[in-house]
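Asker: The structure under discussion is supplied below as structure tokens; questions concerning it will follow.
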Amino acid sequence: MRSTALTARRRLRELDELTAETVDVLVVGGGVTGTGAALDAAARGLSVALVEARDLAWGTSRWSSKLAHGGLRYLATGDIGVARESARERHVLMTRTAPHLVRALPQVLPLTPGTGRRRGLTVGIGFGLGDLLRRDAGTSSLVLPGPRLARPGEVARLVPAVARERLRGAWVAHDGQLVDDARLVVALARTAAGRGAKILTRVRAVDLRADGATLEDTLTRTTLTVRARVMVNATGVWAGTIDPSVRLRPSRGTHVVVPAARLGSPAGALMVPVPGSGSRYVFALPAQLGRVVIGLTDEEAPGPVPDVPEATQAEIDFLLATVSGVLSRPLLPDDVVGTFAGLRPLVDTTGSGDGPSADVSRKHLVEVSPSTGAVNVLGGKLTTYRTMAEDAVDLAVRHAGLTAGPCWTTALPLVGASSAAGAPSPAGLGGTGSPDVSASLVARYGAEAAEVLAAAVLPGSASAVGQGITGAAHLDITRAEIEWAVTHEGALDADDVLDRRTRIGLVPADRAAVRDVVEELVADALARL
Ligand SMILES: Cc1cc2nc3c(=O)[nH]c(=O)nc-3n(C[C@H](O)[C@H](O)[C@H](O)COP(=O)(O)OP(=O)(O)OC[C@H]3O[C@@H](n4cnc5c(N)ncnc54)[C@H](O)[C@@H]3O)c2cc1C
Numbered sequence: 004m005r006s007t008a009l010t011a012r013r014r015l016r017e018l019d020e021l022t023a024e025t026v027d028v029l030v031v032g033g034g035v036t037g038t039g040a041a042l043d044a045a046a047r048g049l050s051v052a053l054v055e056a057r058d059l060a061w062g063t064s065r066w067s068s069k070l071a072h073g074g075l076r077y078l079a080t081g082d083i084g085v086a087r088e089s090a091r092e093r094h095v096l097m098t099r100t101a102p103h104l105v106r107a108l109p110q111v112l113p114l115t116p117g118t119g120r121r122r123g124l125t126v127g128i129g130f131g132l133g134d135l136l137r138r139d140a141g142t143s144s145l146v147l148p149g150p151r152l153a154r155p156g157e158v159a160r161l162v163p164a165v166a167r168e169r170l171r172g173a174w175v176a177h178d179g180q181l182v183d184d185a186r187l188v189v190a191l192a193r194t195a196a197g198r199g200a201k202i203l204t205r206v207r208a209v210d211l212r213a214d215g216a217t218l219e220d221t222l223t224r225t226t227l228t229v230r231a232r233v234m235v236n237a238t239g240v241w242a243g244t245i246d247p248s249v250r251l252r253p254s255r256g257t258h259v260v261v262p263a264a265r266l267g268s269p270a271g272a273l274m275v276p277v278p279g280s281g282s283r284y285v286f287a288l289p290a291q292l293g294r295v296v297i298g299l300t301d302e303e304a305p306g307p308v309p310d311v312p313e314a315t316q317a318e319i320d321f322l323l324a325t326v327s328g329v330l331s332r333p334l335l336p337d338d339v340v341g342t343f344a345g346l347r348p349l350v351d352t353t354g355s356g357d358g359p360s361a362d363v364s365r366k367h368l369v370e371v372s373p374s375t376g377a378v379n380v381l382g383g384k385l386t387t388y389r390t391m392a393e394d395a396v397d398l399a400v401r402h403a404g405l406t407a408g409p410c411w412t413t414a415l416p417l418v419g420a421s422s423a424a425g426a427p428s429p430a431g432l433g434g435t436g437s438p439d440v441s442a443s444l445v446a447r448y449g450a451e452a453a454e455v456l457a458a459a460v461l462p463g464s465a466s467a468v469g470q471g472i473t474g475a476a477h478l479d480i481t482r483a484e485i486e487w488a489v490t491h492e493g494a495l496d497a498d499d500v501l502d503r504r505t506r507i508g509l510v511p512a513d514r515a516a517v518r519d520v521v522e523e524l525v526a527d528a529l530a531r532l
């Protein structure tokens, strides 16, 4: 096993080595799909390099709803195969590969006159079917409790801001929730690095050829030529920029962020039917750092793919209005402290940019590109990244005639996961085993939580990054975590830390409040590498 620590120094060394060798697999794109593929290939004993133009989880993988779905929504569209796969992969995440990053989240659908008896019945049947998927996947009710009807008092305990007037009760069902999507990507990348994969951020693939690629180190603006036996293009909504045969029609999904206190610091997610739609819901999801995230929209996003998609005012208004329909006090525009949006890759099957499109955001597409010869892996879900990676590497091995072992990632825990005694519970909120290690640190780092604190050498490591800063006292990220991001998680600057290793940046006011402190800590940590 190699070290799982990603650093600026390691990046430089491995970039240098890369120009002198031929790797078995070159993965392009450092989102959940690319890092998952790099881990899958490295675990089979192949030599692997992954290049990411910006930073780990720069793209769609940090803009998700952060749910490990059990597949219920796919049942509604009759996609039983996708639904079962989703439930199986949720099981793998919650019990073997990343139990430290995924917890059981109660989802609460209030039953009010506005819900309608028919919708209440449909939801009950849907939750029952979702529970069959859970059983089919072998997930115990200790990990994910089954669905049930709750009385108004319990609804008020789970989501205190729900209007009590004429509330008959609620359906409550559990799904998996990631502490953060970008943390899953970083854990995948580090686990792959531990198996020898080179993980190289700030390296853009400019051109893919049959025998390798031309890359640009975006920090030095130098061009490198690398040789690879096969390439995997996992660039998500940007896939068409390096492969002219891929045509995408992205669709935008937007979330707003509000302070958790505004909804009474809920313990569960609120699920609100979209008026006039038989099957759509808006969710208000409790999140780390004292926030609630409300989503999701689905809007066509034609034109060039932006670096960072932006929410529109109409989407924000729609989300606030929908959730407010069941609250005792409506949410107002002033309650919004942040917004974020991501793009789903929809494959354009018409070639003309209009007409019907095939939604591969649910299923995934794995094929050898007719124009680059690389294996394109597109669409899917965060939840199903592992099967996408398996399918992509299977095809890559066949296509290039490589000798490789079978896929075994269902049994490969990611860094921070542990089945040892004293490890975090499946909910990620179990006992920490040490008075210094907070439950939130365990929820973010699992079995590595104590090491994050112990490895820190800069002063005041256990104190919160926002300590003493007006308006930042609610941020429970320690100074040690900022240092760890640089010494172990491949963060190269303060933006990597603010926007991806931690999610402080989801709220611009939080970001501005601690930016100077984070910049200073990052500079000190980089200087010590
Ligand atoms: C709004 C929204 C909410 C979602 N919510 C959920 C959810 O709750 N649960 C769930 O399971 N799924 C969810 N999904 C789906 C999930 O987020 C995506 O399927 C997944 O993140 C896609 O990951 P990816 O690695 O394929 O793409 P990306 O994360 O976009 O990664 C592609 C990477 O490629 C890099 N790149 C691009 N061009 C180049 C180049 N030339 N050279 C090198 N690197 C390059 C980019 O910088 C980027 O980092 C959601 C999707 C959306 C849009």
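Counting from 4, one number per residue, gives the positions in the sequence shown under this note's numbering.
Note that the Cβ used here is the ideal one computed from N, Cα and C, for glycine as well.
Taking only three categories from DSSP, how would you classify Glu3?
Answerer: Because the chain in this structure spans residues 4 to 532, residue 3 falls outside the shown range and cannot be described.
Asker: Does DSSP put Ile319 in a helix, in a strand, or in coil?
Answerer: Reading the sequence shown from its first residue, position 316 is the one you call residue 319. Ile319 carries a helical assignment under DSSP once its states are collapsed to helix, strand and coil.
Asker: Which residue or residues does DSSP assign as beta-bridge partners of Phe286?
Answerer: In the sequence shown, the residue the question calls residue 286 occupies position 283. Bridge partners of Phe286: Met274, Gly298.
Asker: Just checking Lys366 against ligand 3 - is the residue's beta carbon closer than 7 Å to any of the ligand's heavy atoms?
Answerer: Ligands in the displayed structure: ligand 1; ligand 3 is not one of them.
Asker: Is the beta carbon of Glu318 within less than 7 Å of some heavy atom of ligand 1?
Answerer: What you label residue 318 is simply residue 315 of the sequence shown in a count that begins at 1. No; taking the cut-off as 7 Å, the Cβ of Glu318 has no heavy atom of ligand 1 nearer than that.
Asker: Excluding the five sequence neighbours on either side, which residues of its own chain have a C-beta within less than 8 Å of the C-beta of Ala79, listed in chain order?
Answerer: For the purposes of this step, residue 79 is identified with residue 76 of the sequence shown, where counting begins at 1. Correct list, in chain order: Gly129, Ser282.
Asker: With the cut-off set at 8 Å, would you say Trp411 and Ala46 are in Cβ contact?
Answerer: By 1-based counting over the sequence shown, the position of residue 411 is 408. By 1-based counting over the sequence shown, the position of residue 46 is 43. It is a contact, given that the beta carbons lie within the stated cut-off.
Asker: By the three-class DSSP mapping on this structure, what secondary structure does Leu136 have?
Answerer: For the purposes of this step, residue 136 is taken as the residue at position 133 of the sequence shown. Residue state, collapsed to three classes: helix.
Asker: Rounded to whole angstroms, how far is the Cβ of Asp499 from the Cβ of Asp58, which I believe are closer than 8 Å?
Answerer: Here the question's residue 499 lines up with position 496 in the sequence shown. Here the question's residue 58 lines up with position 55 in the sequence shown. Right, their Cβ atoms sit about 5 Å apart.
Asker: Of the residues Ala475, Val259, Thr10, Thr490, which one's Cα is nearest the Cα of Thr540?
Answerer: Any question about residue 540 goes unanswered here, given that the chain covers just 4 to 532.
Asker: Taking the CB atoms as reference points, tell me whether Ala231 and Ala208 lie closer together than 8 Å.
Answerer: Locating residue 231 in the sequence shown gives position 228, where the first residue counts as 1. Locating residue 208 in the sequence shown gives position 205, where the first residue counts as 1. Against a cut-off of 8 Å, the Cβ pair of Ala208 and Ala231 comes out as no contact.
Asker: What number of angstroms, rounded off, separates the C-alpha of Val158 from the C-alpha of Tyr448?
Answerer: Here residue 158 refers to the residue found at position 155 of the sequence shown. Here residue 448 refers to the residue found at position 445 of the sequence shown. Computed Cα separation, rounded: 31 Å.
Asker: Assign Gln180 to one of two classes, buried (16 or more other C-beta atoms within 10 Å of its C-beta) or exposed (fewer than that).
Answerer: In the sequence shown, counting from the first residue as 1, residue 180 sits at position 177. So Gln180 counts as buried.
Asker: Going by CA-CA distance only, name the one from Ile472, Val418, Thr481, Ala452 that's closest to Thr194.
Answerer: The residue you call residue 194 lines up with position 191 of the sequence shown. Per the Cα distances, Val418.
Asker: With a threshold of 16 other CB atoms inside 10 Å of the CB of Thr221, please say whether the residue is buried or exposed.
Answerer: Within the sequence shown, numbered from 1, the residue matching residue 221 stands at position 218. Exposed, by the Cβ-count rule.
Asker: Return the chain-ordered ranges of every alpha helix (DSSP H) run that is complete within the segment 435-483 and spans a minimum of 4 residues.
Answerer: The qualifying runs are 442-448, 452-458.
Asker: With hydrogens ignored, establish whether the beta-carbon of Arg76 is closer than 7 Å to any heavy atom of ligand 1.
Answerer: The sequence position of residue 76 within the sequence shown is 73, counting from 1. Every heavy atom of ligand 1 is 7 Å or more from the Cβ of Arg76, so no.
Asker: Can you look up Met4 in the DSSP assignment and give me helix, strand or coil?
Answerer: For the purposes of this step, residue 4 is taken as the residue at position 1 of the sequence shown. It is coil, neither helix nor strand.
Asker: Could you give the DSSP three-state label for Gly149: helix, strand or coil?
Answerer: Translated into positions along the sequence shown, residue 149 becomes position 146. The three-state reading of DSSP puts Gly149 in coil, since its state is none of H, G, I, E or B.
Asker: Beta carbon of Val175, beta carbon of Thr38: below 8 Å?
Answerer: Counting from one through the sequence shown, the residue named residue 175 turns up at place 172. Counting from one through the sequence shown, the residue named residue 38 turns up at place 35. The answer is no: Cβ separation not under 8 Å.
Asker: Are there any heavy atoms of ligand 1 lying less than 7 Å away from the beta-carbon of Thr100, as far as the coordinates show?
Answerer: Your numbering for residue 100 matches position 97 in the sequence shown. Flag unset: Cβ of Thr100 not near ligand 1.
Asker: Per DSSP, which residues does Ser254 bridge with? Please list them.
Answerer: Taking the sequence shown and counting its residues from 1, one reaches residue 254 at position 251. Bridge partners of Ser254: Glu303, Arg347.
Asker: For the segment 287-300 against the segment 249-259, do three or more pairs of beta-carbon atoms, one drawn from each stretch, fall closer than 8 Å, so that the two count as touching?
Answerer: yes
Asker: Taking only the alpha-carbon atoms, compute the straight-line gap between Gly117 and Ala86 and give it to the nearest angstrom.
Answerer: Walking along the sequence shown from the start, residue 117 turns up at place 114. Walking along the sequence shown from the start, residue 86 turns up at place 83. Approximately 29 Å, taken between the alpha carbons.
Asker: Which of helix, strand or coil does DSSP assign to Pro269?
Answerer: Counting from one through the sequence shown, the residue named residue 269 turns up at place 266. If DSSP states are grouped into helix, strand and coil, Pro269 belongs with coil.
Asker: In the structure shown, what three-state DSSP assignment does Thr238 receive?
Answerer: Indexing the sequence shown from 1 puts residue 238 at position 235. Thr238: coil per DSSP, three-state reduction.
Asker: Might you give, ordered along the chain, the residues of its own chain that have their beta carbon closer than 6 Å to the beta carbon of Leu444, omitting 5 neighbours on each side?
Answerer: Taking the sequence shown and counting its residues from 1, one reaches residue 444 at position 441. The residues are Ala452.
Asker: Can you give the Cα-Cα distance for Gly431 and Val146, rounded to whole angstroms?
Answerer: Taking the sequence shown and counting its residues from 1, one reaches residue 431 at position 428. Taking the sequence shown and counting its residues from 1, one reaches residue 146 at position 143. Confidence at Gly431 is low in this model, with a pLDDT of 37, below 50, so its placement is unreliable and the value that follows should be read with caution. Cα-Cα distance, rounded: 11 Å.
Asker: Going straight from the alpha carbon of Asp479 to that of Val520, what length do you get?
Answerer: In the sequence shown, the residue the question calls residue 479 occupies position 476. In the sequence shown, the residue the question calls residue 520 occupies position 517. About 14 Å.
Asker: Is Gly172 close to ligand 1? I mean its beta-carbon at under 7 Å from any heavy atom of the ligand.
Answerer: Within the sequence shown, the letter at position 169 stands for residue 172. Gly172: no, Cβ never under 7 Å from ligand 1.
Asker: So Ala60 and Ala185 are supposed to be a Cβ contact under 8 Å. How far apart are they, rounded?
Answerer: Residue 60 sits at position 57 when you count from the first residue of the sequence shown. Residue 185 sits at position 182 when you count from the first residue of the sequence shown. Contact holds; Cβ gap of about 4 Å.
Asker: Note the first and the last residue of the continuous beta strand (DSSP E) segment covering His367.
Answerer: To locate residue 367, count along the sequence shown from 1; it is residue 364. That run of the beta strand (DSSP E) goes 367-371.
Asker: For Val326, which of Asp397, Leu405, Val162 has the nearest alpha-carbon?
Answerer: Counted from its first residue, the sequence shown places residue 326 at position 323. For the residues Asp397, Leu405, Val162, the minimum Cα distance to Val326 belongs to Val162.
Asker: Which residue or residues does DSSP assign as beta-bridge partners of Gln180?
Answerer: Counting from 1 along the sequence shown, the entry for residue 180 is found at position 177. DSSP, once it has assigned bridges, lists Leu70, Arg106 as partnering Gln180.
Asker: List the endpoints of the continuous beta strand (DSSP E) containing Asp43.
Answerer: Locating residue 43 in the sequence shown gives position 40, counting from the first residue. Per DSSP, Asp43 belongs to no beta strand (DSSP E); it is in the alpha helix (DSSP H), 35-46.
Asker: Would Val28 and Val54 qualify as a contact pair, given that the criterion is a beta-carbon distance under 8 Å?
Answerer: By 1-based counting over the sequence shown, the position of residue 28 is 25. By 1-based counting over the sequence shown, the position of residue 54 is 51. Against a cut-off of 8 Å, the Cβ pair of Val54 and Val28 comes out as no contact.
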